[in-house]
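>
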Amino acid sequence: MENSAKKFIEKINEVLAEKENAVVNIINDKLTISVFTALEKNLKNVKEINFIIRDTKFIPKNDEISREFEITPNDILYNSYDIKEKNKLKHFAEAKAMYDFIKNNVNVRKVKPYQKVNGNILIIDDDFMIQGTSSLEIYEKRANRYDFDTTIKGEAEKSQILGMSRIYDEIWNNNDVTQDYKQELLESLEFVYKNYNPEFLYYFTLNELFGDKLDSGVERFENDSDKFKKTEIWNSLFDFQKDCVVSAIQKLQKYGGCIIADSVGLGKTFEALAVIKYFEIRNDNVLVLTPAKLYDNWRSFTGNYKDSFLNEMFNYKIMFHTDLSRTKGESKSGYELSRFDWSKFDLVVIDESHNFRNRIAKYDENDELIMNRYFKLLHDVIKSGKNTKVLLLSATPVNNSLVDLKNQISIITSDHDDAFSEQGISSVGYLLKKATQVINDWEKEGSQKKDELLDNLPSDFYKLLEMMTISRSRKHITNYYGTKNIGKFPQKNKPITYYPEIDSQNQLLNFKNTNSILEELNLSVYTPTKFIKSEKLNYYINKYKLSGNRGGKMDFDTQSKGLVYLHRTNLFKRLESSVFSFSETLKRLIENIDQTIENLNKGQQIEENLDVENEDEIYIERSKYEIKVEDLRINAYLEELYNDRDIVKRIYDETLILLKEDRDNKIHELEKIVGNKVDNTPYNPGNRKILIFTAFADTANYIYSKLLKKFERKNISIASVTGKGVKTSNKKVKEDFHSILSAFSPKSKLKIEIPQDEQIDIIVATDCISEGQNLQDCDTVINFDIQWNPVSLIQRFGRIDRIGSKNDNIQMINFFPNADLNEYLDLERRVKGKMTTLNIASTGDEDMLNPEMNDFNFRKRQLKKLKEEVIDIEDTNENISLTDLNMNEYLYELSNYVNNHKEINKIPKGIYSVTEGEQKGVLFCFKHSKNDAKPKNDSSLYPYYLIFVDNNKEILFKNSQAREVIKLFRQLCYEKNEVQEKILKEFFKDTKNATEMGFYSELLNTAVNSIKGEEEEKAVQTVFDFSGFNNNFKDDTTDDFELISFLVVG
1 MENSAKKFIE KINEVLAEKE NAVVNIINDK LTISVFTALE KNLKNVKEIN FIIRDTKFIP
61 KNDEISREFE ITPNDILYNS YDIKEKNKLK HFAEAKAMYD FIKNNVNVRK VKPYQKVNGN
121 ILIIDDDFMI QGTSSLEIYE KRANRYDFDT TIKGEAEKSQ ILGMSRIYDE IWNNNDVTQD
181 YKQELLESLE FVYKNYNPEF LYYFTLNELF GDKLDSGVER FENDSDKFKK TEIWNSLFDF
241 QKDCVVSAIQ KLQKYGGCII ADSVGLGKTF EALAVIKYFE IRNDNVLVLT PAKLYDNWRS
301 FTGNYKDSFL NEMFNYKIMF HTDLSRTKGE SKSGYELSRF DWSKFDLVVI DESHNFRNRI
361 AKYDENDELI MNRYFKLLHD VIKSGKNTKV LLLSATPVNN SLVDLKNQIS IITSDHDDAF
421 SEQGISSVGY LLKKATQVIN DWEKEGSQKK DELLDNLPSD FYKLLEMMTI SRSRKHITNY
481 YGTKNIGKFP QKNKPITYYP EIDSQNQLLN FKNTNSILEE LNLSVYTPTK FIKSEKLNYY
541 INKYKLSGNR GGKMDFDTQS KGLVYLHRTN LFKRLESSVF SFSETLKRLI ENIDQTIENL
601 NKGQQIEENL DVENEDEIYI ERSKYEIKVE DLRINAYLEE LYNDRDIVKR IYDETLILLK
661 EDRDNKIHEL EKIVGNKVDN TPYNPGNRKI LIFTAFADTA NYIYSKLLKK FERKNISIAS
721 VTGKGVKTSN KKVKEDFHSI LSAFSPKSKL KIEIPQDEQI DIIVATDCIS EGQNLQDCDT
781 VINFDIQWNP VSLIQRFGRI DRIGSKNDNI QMINFFPNAD LNEYLDLERR VKGKMTTLNI
841 ASTGDEDMLN PEMNDFNFRK RQLKKLKEEV IDIEDTNENI SLTDLNMNEY LYELSNYVNN
901 HKEINKIPKG IYSVTEGEQK GVLFCFKHSK NDAKPKNDSS LYPYYLIFVD NNKEILFKNS
961 QAREVIKLFR QLCYEKNEVQ EKILKEFFKD TKNATEMGFY SELLNTAVNS IKGEEEEKAV
1021 QTVFDFSGFN NNFKDDTTDD FELISFLVVG
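Read in order, the letters of the sequence shown are residues 1 to 1050 in the UniProt record's numbering.
And the structure:
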């Protein structure tokens, strides 16, 4: 019979209407709430019902095979018809009535797993029976279903009915075939109408939205990795770090890569070490690519140091980022680069992976790609490898463009844009381009509400981030893991800022005036190509310039300007650093000029010279331009050289006076600060440790010598740590990187106390230890130079601003130039000139100035902030960060709640709770039943919708404000873990115990209509897209939106 359900129910009602004290025996796969309601009137004529639920197979979540053949009560109680009926909000009263009837009149058993009972049967007394395929459910009107049933009734067929009754009794009484199921069914019905507390409803809804994104967790991982969980590194981690490690390993194995973007101070290095150990246990080859300044940090874990708290060995190889740009010579690790096999690694770990954000393709005269470090990594390490997995570490993987993220993901995917097509992402590039357009539109609108941006980003974009990234802020960790087991973050005092003049007598080297003089320099010593005779120019252009169709090297003029900007920038930075560093640079510049003048006068060959002595570590291979002296305009060249020399010599002489007469005002201020700190320990009683940062090794050594001389009689131990070496005044401490840092911060490094005379009190360091180091025994960071970049200041402070610190307070002290910040940055802008648009690397390498340096206004705002407060690194990004873009804060809370409330997965959809709030109304959560009706990348939560409707049927929060609604949802429910009796009493009074829900049903219809209206608006916008007008929701009704939950706010 087609659509036989209605006739089936009618037939049963007809028979029951004529009965009194009837006994009914049933075998069926369904007993839906809607069928009970349809039969309820005549059930008064029934004395007893015996109901066997036969085997109903369903597909379990998370492939839990042990549950494969269990019956889920929700499948028994609901079908698609019942789901739609829920939107009338009558199911609470209906489920309560069904509960009461079953409790008093029905016995229930279910067929055990692996047992089989075929077909359905219903027997009333001994004179009526229906057997066949009809389930006890009502179908949707638009559904076509064919059932084949046989009805047997009357005295003539009594023997057949009795025969079937005996078989029924055999099944019922055979404990090997069936088991009692009444209590579980009653529990499931109670779940439908139960009064839930607001917090439970919030997490129930959150579990529906994000439950499929929860990892299987550390406990299961540990069970599968017995050897790994016994390692020192694993057992040294906090729980939040273990969660990161487990997730990273799962992502590496499933997707081939992962980006760990935890904030500064959360221990990314230790998380990476644990991941490395996991793969080393599997005998995988591991390569760590690191900036040069972090080499010693990574190397310290590969040595068998007896004073290391990690009592185990690591076997990874270490190479510099810049080694990728070199083809010969030896790496610091001792490998001959011409023979090094980059392709043999199973896992590549890239520390500070944001150095690979920029992908600048350059080509030679044959239109062949020039292999800069990015393409060398992609081609020689990843593509040539054996399914190489990639782990990226960076606190700032995205600067201000999703191109940064795309370029790093391309490393993971071997540059395959369709790498995640199986996960429903056909093109990573197109997805990120679409997300970028959303971001650009948001920025153009000038809105300051991030939630508006986040709600409009494609859902597949969030999926990609969840697949690829782990990004937790310090607020997330303290909020969702607590501080009981991992300790707290220390209180950050307001930064102290000093503005010392350079000269203590305020006569020489005025900062602003000196830089104005430096701007007059031609710096011609670095640009001999500028003076090639016109008739010889083509010869050298043809000799050195590449001219492929796609580009090639820059011309001489462009490159010369780039070199000048670079050297002028270096002078500016060194003046800001220290008189000594500036003086040393001027001295070297004079020596270079003198040597060039001598070569010109002797007629010797001239080579273009690059002599920037930075501690930063950008290595670029350049072609040298060898130029014959007779091919130069010698007089013009000598004139500029002598002019530069006069200017430089005049300033250099002033530096010598300041140093000789001990008039370095900045170092005097530092000595006062250090003296007060070690004498009075103002921030934490007894803590006299200080960490002093500078950008340059010669400034670090200068400070070291000055402080050593000043405090040698005070029994203060001092050390210097730079990329060029280490030294210490404490003879009991070995002069190596690991020993010095351990003596400075023994509690964090060694996990032990050591005698005071074996410790170091003050370290003067370059940025070689500004990242990846835990030095939290110290409570004070002094930035002797700020180097224009607020991010570097925060990273430096991150060495002591770490979770679990024993210090109650920590202090940042900054030395700013004695100039107005606006003037200072404007001066920098002029000095830097066109550096942001020039690329001086003839091999096509990246801009030597950091990407963060390009936005002057941004840095001006951040540096002003840093005068008043120490901000977190994720707060420096005024647009978006990965912590904004993921749902970690909700996932961590949800994971903890679900672990402690296992019953949450048993609850049927359509539940509610009531709470108090300022805005009266209802917060609805729906799921669109047509999952494929709309592209999943059009909305951040699709197929789910969150809508808040007030009692006047006005939409307070629509679906495009989903994240704002979630925040409101949390505010209304968080920690309200008991039923709100007062407001519930009012709700029951208004609805007559939830039996008259017409008002709320009207609000529900209003919410659904708002969804349809919003989707129609978006569809209209597609007229301007290539896809044309497309409204997949135009024919939808309320029935097409399943009610997940609703919160009544009274």
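Quick reminder that beta carbons are idealized off the backbone N, C-alpha and C, glycines included.
What you are looking at is a predicted structure, and each value in this text was computed from that prediction instead of being measured.
(1) Ordered along the chain, which non-local residues of its own chain (more than five positions away) have a Cβ less than 6 angstroms from that of Ile-288?
(2) Please state the DSSP three-state secondary structure of Asn-879.
(3) Using alpha carbons as the reference points, say which of Met-129, Leu-122, Ile-52 and Lys-450 lies closest to Gln-179.
(4) My output table needs one value for Lys-57: the three-state DSSP class, helix, strand or coil.
(5) Output the boundary residues of the alpha helix (DSSP H) element that contains His-91.
(6) I believe Leu-571 touches Leu-518 by the beta-carbon criterion, under 8 angstroms. Please report the beta-carbon distance rounded to the nearest angstrom.
(7) Can you grab the Cα-Cα spacing for the pair Ile-541 / Ser-577, in whole Å?
(8) Please state whether the Cβ-Cβ distance between Val-1048 and Val-949 is less than 7 angstroms.
(9) Counting only runs of 4+ residues fully inside the stretch 183–260, write out the alpha helix (DSSP H) ranges in chain order.
(10) So the beta strand (DSSP E) Ala-272 belongs to, where does it begin and stop?
(11) CA-CA distance, Ser-188 and Glu-903?
(12) Taking Arg-802 and Val-781 to be in contact with their CB atoms under 8 angstroms, please state how far apart those CB atoms are, rounded to whole angstroms.
(13) Please report the distance separating the alpha-carbon of Lys-989 from that of Met-997.
(14) Just verifying my parser: in three-state terms, what is the DSSP assignment at Leu-656?
(15) Where DSSP assigns a beta bridge to Arg-109, which residues make up the other side?
(16) Alpha carbon to alpha carbon, how far is Asn-45 from Gly-154?
(17) Is it right to say Gln-811 is buried, meaning 16 or more other beta carbons lie within 10 angstroms of its own, or is it exposed?
(18) Mind reading off the beta-carbon distance from Tyr-203 to Leu-894? Whole number of angstroms is fine, and I expect it under 8 angstroms.
(19) Where do the N-terminal and C-terminal ends of the beta strand (DSSP E) with Thr-728 fall, by residue?
(20) Do Asp-351 and Leu-393 have their beta-carbon atoms positioned less than 7 angstroms apart in this structure?
(21) By DSSP, does Leu-750 sit in helix, in strand, or in coil?
(22) Is it buried or exposed, Glu-598, if we count other Cβ atoms within 10 angstroms and call 16 or more buried?
(23) In the DSSP assignment, what residue or residues form a beta bridge with Cys-925?
(24) Give me the Cβ distance between Asn-807 and Asp-779, rounded to the nearest whole Å; I'm assuming they're in contact under 8 angstroms.
(25) Under a Cβ-count criterion, where at least 16 other Cβ atoms within 10 Å of its own Cβ denotes burial, should Phe-924 be classed as buried or exposed?
(26) Going by beta carbon distance, what residues of the same chain come within less than 8 angstroms of Ala-435, once the five residues before and after it are set aside?
(27) Can Ala-994 and Phe-92 be called in contact, C-beta distance under 7 angstroms?
(28) Take Gly-917 and list the residues in its own chain whose beta-carbon comes closer than 6 angstroms to its own, dropping the five residues that flank it on each side.
(29) In chain order, what residues of the same chain have a beta carbon less than 6 angstroms from the beta carbon of Met-467, not counting five sequence neighbours either side?
(30) Can you check DSSP and say which residues form a bridge with Gln-131?
(31) Find the nearest neighbour of His-379 within the set Ala-395, Thr-413 and Ser-353, judged by alpha-carbon distance.
(32) So if DSSP puts Thr-780 in a beta bridge, which residue, or which two residues, is it bridged to?
(33) Beta carbon of Val-764, beta carbon of Ser-720: below 7 angstroms?
(34) To the nearest angstrom, how far is it from the Cα of Glu-846 to the Cα of Arg-359?
(35) Assign Pro-755 to buried or exposed, taking buried as 16 or more other Cβ atoms, counted over all protein chains shown, within 10 Å of its Cβ.
(36) If you draw a straight line from the C-alpha of Asp-767 to the C-alpha of Gln-408, how long is it?
So, from the data block:
(1) As a first step, residue 288 is located in the sequence shown; it is residue number 288 there, counting from the start. The sequence as given places Val at residue 288; Ile does not occur at that position. Around Val-288: Trp-298, Tyr-316, Ile-318 and Val-349.
(2) Translated into the one-based positions of the sequence shown, residue 879 becomes position 879. In this predicted model, Asn-879 has a pLDDT of only 48, less than 50, meaning its place in the structure is not dependable; the value taken from the coordinates is given anyway. In the three-state reduction of the DSSP assignment, Asn-879 falls in the coil class.
(3) Translated into positions along the sequence shown, residue 179 becomes position 179. Closest by C-alpha distance to Gln-179, out of Met-129, Leu-122, Ile-52 and Lys-450, is Ile-52.
(4) Counting from one through the sequence shown, the residue named residue 57 turns up at place 57. In this predicted model, Lys-57 has a pLDDT of only 47, less than 50, meaning its place in the structure is not dependable; the value taken from the coordinates is given anyway. Here Lys-57 sits in coil by DSSP.
(5) Indexing the sequence shown from 1 puts residue 91 at position 91. First-last of the alpha helix (DSSP H) with His-91: 91–105.
(6) The sequence position of residue 571 within the sequence shown is 571, counting from 1. The sequence position of residue 518 within the sequence shown is 518, counting from 1. The Cβ separation is near 5 angstroms, so the contact holds.
(7) Against the sequence shown, residue 541 aligns to sequence position 541. Against the sequence shown, residue 577 aligns to sequence position 577. Straight-line measurement puts the Cα of Ser-577 at about 39 angstroms from the Cα of Ile-541.
(8) As a working note, residue 1048 is residue 1048 in the sequence shown. As a working note, residue 949 is residue 949 in the sequence shown. No. Outside cutoff.
(9) Unbroken alpha helix (DSSP H) runs of no fewer than 4 residues, entirely contained in the stretch 183–260, are found at 198–210, 218–224, 232–235 and 239–255, following chain order.
(10) Mapped onto the sequence shown, residue 272 falls at position 272. It is not in any beta strand (DSSP E) - Ala-272 instead sits in the alpha helix (DSSP H) that spans 268–281.
(11) Position 188 of the sequence shown, counted from the start, is the residue given in the question as residue 188. Position 903 of the sequence shown, counted from the start, is the residue given in the question as residue 903. Each residue's alpha carbon lies about 11 angstroms from the other.
(12) Mapped onto the sequence shown, residue 802 falls at position 802. Mapped onto the sequence shown, residue 781 falls at position 781. Arg-802 to Val-781, Cβ: 12 angstroms. No contact.
(13) As a first step, residue 989 is located in the sequence shown; it is residue number 989 there, counting from the start. As a first step, residue 997 is located in the sequence shown; it is residue number 997 there, counting from the start. About 11 angstroms.
(14) Numbered from 1 along the sequence shown, position 656 holds the residue referred to as residue 656. In this structure, DSSP gives Leu-656 a helical state, which the three-state scheme calls helix.
(15) Mapped onto the sequence shown, residue 109 falls at position 109. Arg-109 is bridged to Ile-52 and Asp-180.
(16) Position 45 of the sequence shown, counted from the start, is the residue given in the question as residue 45. Position 154 of the sequence shown, counted from the start, is the residue given in the question as residue 154. So the two alpha carbons sit approximately 19 angstroms from each other.
(17) By 1-based counting over the sequence shown, the position of residue 811 is 811. So Gln-811 ends up on the buried side.
(18) For the purposes of this step, residue 203 is identified with residue 203 of the sequence shown, where counting begins at 1. For the purposes of this step, residue 894 is identified with residue 894 of the sequence shown, where counting begins at 1. With a Cβ gap of about 6 angstroms, Tyr-203 and Leu-894 count as contacting.
(19) For the purposes of this step, residue 728 is taken as residue 728 along the sequence shown, with counting starting at 1. Unbroken beta strand (DSSP E) run through Thr-728: 725–728.
(20) Position 393 of the sequence shown holds residue 393. Position 351 of the sequence shown holds residue 351. Going by C-beta atoms, Leu-393 is nearer than 7 angstroms to Asp-351.
(21) Here residue 750 is taken as the residue at index 750 of the sequence shown, counted from 1. When DSSP states are grouped into helix, strand and coil, Leu-750 belongs to the coil group.
(22) Within the sequence shown, residue 598 is the residue found at index 598, counting from 1. Residue environment: Glu-598 is assigned as exposed (fewer than 16 neighbouring CB atoms within 10 Å of its CB, all protein chains considered).
(23) Against the sequence shown, residue 925 aligns to sequence position 925. According to DSSP, which records beta bridges pairwise, Cys-925 is partnered with Leu-946 and Ser-1045.
(24) Locating residue 807 in the sequence shown gives position 807, counting from the first residue. Locating residue 779 in the sequence shown gives position 779, counting from the first residue. Asn-807 to Asp-779, Cβ: 4 angstroms. Contact.
(25) By 1-based counting over the sequence shown, the position of residue 924 is 924. Residue burial is scored here from C-beta neighbours: Phe-924 has at least 16 other C-beta atoms within 10 angstroms and is therefore classed as buried.
(26) For the purposes of this step, residue 435 is taken as residue 435 along the sequence shown, with counting starting at 1. So the list reads Leu-402, Leu-457, Pro-458 and Phe-461, once near-sequence residues are dropped.
(27) Locating residue 994 in the sequence shown gives position 994, where the first residue counts as 1. Locating residue 92 in the sequence shown gives position 92, where the first residue counts as 1. In contact: Ala-994 and Phe-92 (Cβ atoms closer than 7 angstroms).
(28) One-based indexing of the sequence shown puts residue 917 at position 917. Once the five neighbours on either side are set aside, the close Cβ partners of Gly-917 are Leu-972 and Val-1049.
(29) Within the sequence shown, the letter at position 467 stands for residue 467. Tyr-255, listed in sequence order.
(30) Taking the first residue of the sequence shown as 1, we reach residue 131 at position 131. The partner list for Gln-131 (beta bridge, DSSP) reads Ile-121 and Thr-150.
(31) Indexing the sequence shown from 1 puts residue 379 at position 379. The shortest Cα separation from His-379 among Ala-395, Thr-413 and Ser-353 belongs to Thr-413.
(32) As a working note, residue 780 is residue 780 in the sequence shown. The beta-bridge partner set that DSSP reports for Thr-780 consists of Gln-811.
(33) Translated into the one-based positions of the sequence shown, residue 764 becomes position 764. Translated into the one-based positions of the sequence shown, residue 720 becomes position 720. Taking the C-beta atoms as reference points, Ser-720 is found nearer than 7 angstroms to Val-764.
(34) Within the sequence shown, residue 846 is the residue found at index 846, counting from 1. Within the sequence shown, residue 359 is the residue found at index 359, counting from 1. Only weak support exists for where Glu-846 lies, its pLDDT of 34 falling under 50; the coordinates are left without a value.
(35) For the purposes of this step, residue 755 is taken as residue 755 along the sequence shown, with counting starting at 1. Classification for Pro-755: exposed.
(36) Counted from its first residue, the sequence shown places residue 767 at position 767. Counted from its first residue, the sequence shown places residue 408 at position 408. The alpha-carbon separation between Asp-767 and Gln-408 amounts to approximately 24 angstroms.
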